[in-house]
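Scroll down for the structure; my scribbles are underneath it.
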Amino acid sequence: MRNFSYARAASIDEARAQAALPAHALLAGGTTLLDLAKCGVAEPETVVDITRLGGLDTVRVDDRGARIGALAKMSHVADHAAIRAQYPAIAEALALAASPQIRNMATIGGNLMQRTRCAYFRDPAAFPACNKRDPGSGCAALGGVTRNHAVLGTSDACIATYPGDLAVALMALDAVIHTSGRSILVEDFFPLPGATPHRETALEPGELITAVSIPATPAARALDLSEGARPPILRVRRGERRRRPRTGSRRPHHSRAARRASAASPPARGAPAPSNARCVASRWKKPASSEASRLAVEGAIARGDNAYKIDLAPRVVARAILGYGRRGMSVHQFRSKHGDASDGALGGRLMRIDGEAKIRGEATYALENHPENLCHVVLVGSTKASGRVTRIDTAAAKAAPGVLLVLTPDNQLELNSASTWLGTPGPEGRTGRWSATSPSSASTSPPSPPRPSSRRPRPPPSSPSTTRRRRRSMGSMIPLPATAWSFPAHHRVGRCRRGARGRRR
Amino acid sequence: MTDSVSLQLDINGQMRTLKVEPRVTLLDALRDHLGLTGTKKGCDQGQCGACTVHVDGERMLACLTLAAQVEGRTVTTIEGLSAPGADLHPVQAAFLENDAFQCGYCTPGQIMSAVACIREGHAGSDAEIREYMAGNLCRCGAYPHIVAAVRQAAAHHTAEAAR
């Protein structure tokens, strides 16, 4: 994470003024901004802490609707009695997101401003191409691994998904986002990517979210099945279908189908007012679920690995609708095997000798040791999402300041063999080599296939077909020796960059 | 760009002064500047919960909190839960008794999370405990015993409150 200046805004006006300056970022819960700063996606020069602005964390619910301050924490809104009672979809969208710790930190405004968890977006070092980060640079995800990418509302410039749950519920409830200068319908707050995926919200420089309001429509209580609540009726608003061409799960718009399907409305002409939700659901389940399921993926485009979503989504919608009436707030209701193994002999509880140190935080681990002259190993991945390694150019890496050594499969590095994974000690004095050939077999010369010596050395390649086969085996991954290698004591394997696969927030 | 900021932090009931770069997270401040290494660094990106501490009594992730953000707030870490040599906190005792860990690396975060989980009233059933402890990962897979420990500590808490 690059260093930055830290400032605290004392008023909304001051926050607005600071936010309008280049390379200034507003900091609330920090769960998105600091995370992105660690990935190298956000590189603010100044971070403006707005968490001390007063009056922006209140939640107010009355007859006309709910108004939630931008600095209200997700957990506080999720636990708010009136929100739970009257806006259960909001409470549930918040309570099921992320983790309890993150919900204690993240704010409602920040939740709306969170950015996609596209693994290519979040790894600028490995994947320079991203139209979101750098307009016009291309999209590394297209042609890459797209299993987690969107099927709705995408464009040729971006196929990242929208990361949040709250905005989806807000969209279904026709919520309004209030900023320091205006009020924006949530639907208009999130533009579809089109050719400008870097424009993620309607916010202008120097504009900040102050509150979100949700009108008190019957739809808000769509999930309220508490005793005495008048349940809404499931209905598909067919007339709406052609109103706007866009359909998107790329943005929270994918909730439109859900809204069409589940939006509350007065009972249809001639239909008696339902007495309970179960009867409504059973009466309407067939047409509502099949129509809504179909609408849910209207206009979906598969991009390779994510085609399964187009099959899966209608079933999820159907299950949600058919499950309606059979459940209330389902925060704690999930199927799980009761896994307490302590009833029998297996899994019995024993006190550990080092137990007390561990529960007091006094036990030490590798990270608490700081040997002198510690070297760090950094794993560098390919910058192409998919392809075959033909050669490795290490010149730039070697030229970087502080780099001691660049290890590739072509290196002549002698390593002490320790033992196999099964614990069999290696032959005494044996050293392994990453390449059995001369040091000049560099990446540019036609390779005799570099391979590590294993415990049972193989003869050099004798026929072209073996060579081809071995070279092919190098295709996507660096071959690992069959023996476990011990690095010299001063080497340490650094943490490799991980894809972001957190729970949706 | 400021090189460093001077901070006065209330950690475990003690005022601590430190001078750090603005980008220093609460986690790194605790571990590298204040010598409080009980709070663990796991993923450092908000997913594993090993760095869970309490800020103004609420569980939060120290890895996604700037040290500068908690000035004027109270921070409690695993070291502040019970003094060295003193009686264990009931949640710590329950973890020990139920063997709710193996390697112990996630344990300080699990315990801090469990203390808050019980205080929040989110430990009413095993299912609820699982859901509200979901922000703490255990690679050893000690989950069944962790649930048992939280259940036991929650029952103890209820019994204490009733007295």
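As you go down the protein sequences, you meet chains A and B in turn.
Per this note's numbering, the first sequence starts with residue 905, numbered consecutively.
Per this note's numbering, the second sequence starts with residue 118, numbered consecutively.
Even glycine gets a Cβ: it sits at the ideal position worked out from N, Cα and C.
Just so it is clear, the structure is predicted and the values come from calculations on it, not from any experiment.
Item                                                                                                                                        : Value
Partners in chain A for isoleucine 263 of chain B, counting only beta-carbon separations shorter than 9 Å                                   : The contacting residues do not exist; isoleucine 263 of chain B stays about 11 Å from chain A at best.
Closer than 7 Å to chain A by CB, proline 225 of chain B                                                                                    : yes
Neighbour list for methionine 177 of chain B in chain A, Cβ cutoff strictly below 8 Å                                                       : Gln1005, Asn1008, Met1009
First and last residue of the uninterrupted beta strand (DSSP E) at leucine 957 of chain A                                                  : Per DSSP, leucine 957 of chain A belongs to no beta strand (DSSP E) and is neither H nor E.
Range of the contiguous alpha helix (DSSP H) that encloses leucine 1201 of chain A                                                          : It should be noted that the sequence gives valine, not leucine, for residue 1201 of chain A. Looking at the DSSP string, valine 1201 of chain A is not in any alpha helix (DSSP H), and its letter there is neither H nor E.
DSSP state of proline 1119 of chain A mapped onto helix, strand, coil                                                                       : strand
Nearest to glycine 130 of chain B (by Cα), restricted to the options B:His274, B:Asn215, B:Thr194                                           : B:Thr194
The ligand GDP heavy atom lying under 6 Å from the CB of glycine 1048 of chain A                                                            : Of ligands this structure carries none, so the ligand GDP is not represented either.
Cβ neighbours of serine 123 of chain B in the same chain (closer than 8 Å, five flanking residues each side left out)                       : Thr134, Leu135, Lys136
Beta-carbon contacts of valine 264 of chain B that lie in its chain and below 7 Å, excluding the five residues immediately before and after : Asp243, Ile246, Arg247
Segment limits, alpha helix (DSSP H) that includes threonine 1212 of chain A                                                                : According to the sequence shown, residue 1212 of chain A is tyrosine rather than threonine. Taken as a continuous stretch (DSSP letters only), the alpha helix (DSSP H) holding tyrosine 1212 of chain A covers 1212 to 1227.
Which listed residue (B:Gln227, B:Pro207, B:Gly221) has its alpha carbon closest to that of alanine 1267 of chain A                         : B:Gly221
Isoleucine 1118 of chain A and alanine 970 of chain A closer than 7 Å at C-beta                                                             : yes
Cross-chain neighbours of lysine 942 of chain A in chain B, by beta carbon under 8 Å                                                        : Asp161, Gln162
Partners in chain B for asparagine 1052 of chain A, counting only beta-carbon separations shorter than 8 Å                                  : Simply none; closest approach about 15 Å.
Check whether isoleucine 1113 of chain A and alanine 974 of chain A have beta carbons under 7 Å apart                                       : yes
Buried or exposed (CB count within 10 angstroms, at least 16 for buried), valine 1080 of chain A                                            : buried
CB of isoleucine 1225 of chain A within 7 Å of CB of serine 1194 of chain A, strictly                                                       : no
Alpha-carbon to alpha-carbon, isoleucine 228 of chain B and glycine 1259 of chain A                                                         : 13 Å
Spatial neighbours of threonine 1298 of chain A in its chain, beta-carbon cut-off 7 Å, leaving aside the 5 residues before and after        : Val1310, Thr1312
Glycine 252 of chain B versus alanine 179 of chain B - alpha carbon distance                                                                : 13 Å
As assigned by DSSP and simplified to three states, the class of glutamine 1018 of chain A                                                  : coil
Given 8 Å, three or more beta-carbon pairs between the segment 1090 to 1106 of chain A and the segment 940 to 958 of chain A                : no
7 Å Cβ shell around tyrosine 1269 of chain A - same chain, five flanking residues per side excluded                                         : none
Enclosing alpha helix (DSSP H) for aspartate 1092 of chain A [first to last residue]                                                        : 1090 to 1093
Nearest residue (CA-CA) to glycine 878 of chain A, options A:Val981, A:Met1009, A:Gly1098                                                   : Examination of residue 878 of chain A is not possible in this model, given that chain A is present from 905 through 1409 alone.
Proximity to leucine 1107 of chain A [Cα-Cα], best of A:His928, A:Ala1073, A:His1082                                                        : A:His1082
8 Å CB neighbourhood of tyrosine 249 of chain B in its chain, flanking five on each side removed                                            : Cys234, Glu237, His239, Ala240
Sheet register partners of threonine 191 of chain B (DSSP bridge)                                                                           : B:Asp127
Simplified DSSP assignment, three categories, for histidine 928 of chain A                                                                  : strand
Bounding residues of the alpha helix (DSSP H) (the contiguous stretch that carries serine 230 of chain B)                                   : 224 to 237
N- and C-terminal bounds of the alpha helix (DSSP H) containing valine 208 of chain B                                                       : 207 to 214
Coarse secondary structure for valine 963 of chain A, derived from DSSP in three states                                                     : strand
Endpoints, alpha helix (DSSP H) assigned at histidine 273 of chain B                                                                        : 260 to 279
Through-space distance from glycine 1291 of chain A to valine 1282 of chain A, alpha-carbon basis                                           : 22 Å
Threonine 1287 of chain A beta carbon less than 7 Å from that of alanine 1030 of chain A                                                    : yes
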